[in-house]
Structure formats: C-alpha cells, structure tokens
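Going by the working numbering, the letters in the sequence shown line up with residues 20 to 356, in that order. Every residue, glycine too, gets a C-beta built ideally from N, C-alpha and C. Below: one structure, written as structure tokens.
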Amino acid sequence: MLGFLLRLLPFWVREPLLIAVGSVLGVRIMYLAVRDHDRVAAGLGVVFLVFTAIRVYAVIRALRARRNPSPTASADGAAVDAAAQPQAQAETGPRPGPDTPKKKEEEHNAWGQAFAAVAVFGALAAALWLAPRFTPSDDNTTRPASCSGGTHEELPKAYKDTPRPVTGEELCKALNRPELAKLLGTPEETATTASSSNNTAPLTDGKVAEPEAEVAFDTYTVNVSATYNKLSIDQYVKLMKFGDEKDIKTLTVLGRPAVLASDHTMRLEINLGSGGSGGPVEEGPLARTLSVALDRNDRGGYCEITVWSTSGALPNDSALLDIAEKVLPRIPERPAR
Numbered sequence: 020m021l022g023f024l025l026r027l028l029p030f031w032v033r034e035p036l037l038i039a040v041g042s043v044l045g046v047r048i049m050y051l052a053v054r055d056h057d058r059v060a061a062g063l064g065v066v067f068l069v070f071t072a073i074r075v076y077a078v079i080r081a082l083r084a085r086r087n088p089s090p091t092a093s094a095d096g097a098a099v100d101a102a103a104q105p106q107a108q109a110e111t112g113p114r115p116g117p118d119t120p121k122k123k124e125e126e127h128n129a130w131g132q133a134f135a136a137v138a139v140f141g142a143l144a145a146a147l148w149l150a151p152r153f154t155p156s157d158d159n160t161t162r163p164a165s166c167s168g169g170t171h172e173e174l175p176k177a178y179k180d181t182p183r184p185v186t187g188e189e190l191c192k193a194l195n196r197p198e199l200a201k202l203l204g205t206p207e208e209t210a211t212t213a214s215s216s217n218n219t220a221p222l223t224d225g226k227v228a229e230p231e232a233e234v235a236f237d238t239y240t241v242n243v244s245a246t247y248n249k250l251s252i253d254q255y256v257k258l259m260k261f262g263d264e265k266d267i268k269t270l271t272v273l274g275r276p277a278v279l280a281s282d283h284t285m286r287l288e289i290n291l292g293s294g295g296s297g298g299p300v301e302e303g304p305l306a307r308t309l310s311v312a313l314d315r316n317d318r319g320g321y322c323e324i325t326v327w328s329t330s331g332a333l334p335n336d337s338a339l340l341d342i343a344e345k346v347l348p349r350i351p352e353r354p355a356r
C-alpha cells in the first residue's frame, strides 16, 4: 500500500522524500550500531545509505537533463520541421522557447514541492531522533534507591525543643550519595533500599531527638543517626569500656572528637504463622561504628555511622572516615548553650 502511494507522488516530491527518510534512518541506525557494536544493525544502516545514494544520483541526473535537454529530432525530421516552420509560425505564431514564463513557473512549482517535502519529513525525522531523550524509556536496568520525598510527617516535640536539629530525610539525602558504594569498596553495586525516620532516643520519654537514615546494598548496610542528648564523646568512651564494645579507638574527625568501636547487631526472627509469635533475640553480625561529636568542643550529642553486612565482613575503617567527611558537613554543629 505504501509503495503504491509513493508511486502516485510526482517525481520531485517522491525522490526528495525517499532521500530524506533514507538518510535519517541510515545515519540513526549506523549511530546505534556503532554505540552497541551491532554488526546486523550496521549492515542495515549501510543498506539505507546505499539506497539513499542511488536516489541522490537519480535526482542529479534528472536535474542535468532538465538543464541541458538533448535534441531528439533526426536530420530528416529537422528538414521537415524547417519546411513546415513558416506555415506553422503563420498559423500559431512563434513556438515558446525553453525559458518561457510557463516553463519557469513549472520548474519553480517542482522545486517548491521538493523543498516542502524535504522540510516536512525532515521535521518528522528530527522528532523521531529526539523522541527517546524526552519520552520514558523501557529500560529495565536497576535504579539506585532514592530517599522518600513524600508527605512530611509532623516532627515530635523533641525536635522543636532542640536548636537546629537535622531530620531523618536530610540525613538520608546526605548519606545516599552517588559515590557511597565506591567509598564502601563496592563501586559496582547500587543502593537497594533507602529509608529514614524521625525517632526519639529510647528510655528518654520522647525528650531526645534521634533522627536516623539507612541505605542498604547487596554487600553492606550503612546507618547514620544523630542523638541530641548531653552525652559527650569523652563520657561515651568511658561507657564503652564497661560494655561489650571491641577494638575501641579514639581519634579526631574534621576537628571533632570521635571514637571507633565494634559490637554485634541484634537479630530478631518474627513468625507470621498462625501463632504470630517471634523467636528469641539472637546475636547478629558484627558492626563497626564511628561516633563523632556534634560540635568541636564536645558539648554533648553525637552522630553515629554504622556499617555491617549479613556475611559478617566489614570494610576498612577508612571507609567510615570517608563517609563521615561527606555526611558531617550536612549536619549543623550544635550551638553553645
């Protein structure tokens, strides 16, 4: 059907149309073939370009024929025409020459149609070319998890009573950075989940703000929290020495007192069967935590960055330090009381 419609079009409309479509499709297919290293697509692109070259050659020949018409009359025919010329001129007047206004008008109409066809289908080709950039893609590639940007819940009263507190959503955006996987030593991974909450610290009757955020990968999970209590890092270190923390190491991060320590996470199994009971709390994999004071003078409060994995493997301490250097500048220092 399409071929029949094309044959109905005038030569000076059909040929420019075929040239425009063939060139655009040929260039586009060749571009995709080079990008995807696809030999079949490259062969198809060559076919379109060769087809276009043939149409261009046909148009060039037609243009030359219009500009330089060759004599078709034979010698005998020329003699007869010469003998009949006076009588024909007497009856009909002078024969119109090749540059009469009528012929020029026909040439202008043909060129106008050709340029109009090229312009219309050029616009269509440009639209097809640019469409993938502005329309949703069907690519099923796994996308990194993003922090929730939905409705903002009302903050607990503890946040209103705390000067310049950070929220869980702000912590999530500070943690869920494009280079986080690289900092953890697994640059090929993408975040599978990202979440945040505006909690309060346990056993404080809701009076201490403790926002947190968590980003999980296939290998590691990273949790960041900020606790706005009055406990300094120096006091925190003393408490660690009485607990089960291991490998305690004090240091300074961005001019703030800090401490590194290891401890086991807790594993809780929940049974969703008929009884709905849960199993006992068990010891989970080992986690590494970096605790940093919320201000340089260590007036109380701290930010904790914890990393663990289900396999029990842990990244180097340098990974925690690199993450802290990215996250801490997004947390306002605690003002003097």
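Sequence-distant residues of the same chain with beta carbon closer than 7 angstroms to residue i, five excluded per side
i	result
PRO334	LEU203, GLY204, TYR239, VAL326
THR111	With a pLDDT of 48 at THR111, under the threshold of 50, the modelled position of this residue cannot be trusted; read the value that follows with caution. Taken in chain order, the list of residues that qualify is empty.
THR329	PRO304
ALA177	THR219, GLY225, LYS226, VAL227, ALA228
ARG387	For the chain, the structure presents residues 20 to 356; residue 387 sits outside this window and is missing.
ASN248	ALA220, VAL227, GLY319, GLY320
ASP55	none
VAL72	Looking at the sequence shown, residue 72 is not Val but Ala. Correct list: empty, nothing qualifies.
GLU208	ALA200, PHE236, ASP237, THR238
ARG86	none
VAL99	Reliability fails at VAL99, whose pLDDT of 40 lies under 50, so the model's placement of it is uncertain and no value is given.
VAL59	none
GLN254	none
Beta-carbon proximity check, residue i vs residue j, cutoff 8 angstroms
i	j	result
CYS166	LYS201	no
LEU277	SER310	The residue you asked about is not Leu; residue 277 is Ala in the sequence shown. The answer is yes: Cβ separation under 8 angstroms.
ARG353	ARG318	yes
PRO351	ARG183	yes
THR246	GLY320	yes
ALA232	LEU194	yes
ILE252	MET259	no
LEU279	LEU273	no
ALA210	VAL234	yes
GLY64	ALA52	yes
LEU1	VAL243	Residue 1 lies beyond the stretch modelled for the chain, which goes from 20 to 356, so this question has no answer here.
SER215	GLU172	no
Closest by C-alpha distance to residue i, when choosing among the options
i	options	result
ILE38	GLY45, SER328, ARG74	ARG74
VAL346	LEU313, ALA84, SER330, ALA77	LEU313
ALA61	LEU44, TYR76, PRO163	LEU44
TYR76	PRO175, PRO35, LEU273, PHE236	PRO35
LEU199	ASP237, PRO304, LYS179	ASP237
ALA213	ASP180, ASP282, ALA164	ALA164
LYS179	SER215, GLU229, ALA210	GLU229
LEU68	GLU189, PRO206, ASN316, MET49	MET49
THR181	VAL227, ARG275, LEU340, VAL46	VAL227
ARG29	PHE70, VAL78, ASP336	The sequence as given places Pro at residue 29; Arg does not occur at that position. The residue with the shortest Cα to Cα distance from PRO29 is VAL78.
ARG80	ARG275, VAL66, TRP31	TRP31
ALA306	ASP336, LEU82, ARG58	ASP336
PHE70	VAL46, VAL256, LEU340, PRO206	VAL46
LEU340	MET285, LYS249, ASN316, ARG275	ARG275
THR223	LEU250, ARG58, ASN316, VAL66	LEU250
Sequence-distant residues of its chain with Cβ nearer than 6 angstroms to residue i (five each side left out)
i	result
ILE342	LEU202, ILE324
GLU302	HIS283
THR308	ALA280, GLU323, THR325
PRO206	ALA200
ASN316	none
VAL66	none
Test: residue i CB closer than 8 angstroms to a CB of chain C
i	result
ASN242	You won't find chain C in this structure, because it holds only one protein chain.
Cutoff 8 angstroms; reference residue i; Cβ partners in own chain excluding five residues on either side
i	result
VAL256	ILE267, THR269, VAL278
GLU344	VAL272, LEU273
ASP57	LEU51
ARG162	THR209
THR154	Residue placement at THR154 is poorly supported in this model, since its pLDDT is 47, which falls under 50; the coordinates still yield a value, given next. Nothing meets the Cβ criterion.
query = Using 8 angstroms as the threshold, is the stretch 211-230 in touch with the stretch 260-275, meaning 3 or more CB pairs across them?
reply = no
request  = Could you tell me which uninterrupted alpha helix (DSSP H) segments, each at least 4 residues in length, are contained entirely in the stretch 162-205, listed from first to last along the chain?
outcome  = 176-179, 187-194, 199-202
key: Inside the stretch 32-92 only - alpha helix (DSSP H) runs reaching at least 4 residues   = 58-86
ask   = What runs of the beta strand (DSSP E), each 3 residues or longer, lie entirely inside the stretch 201-277?
value = 212-219, 228-235, 240-246, 265-272
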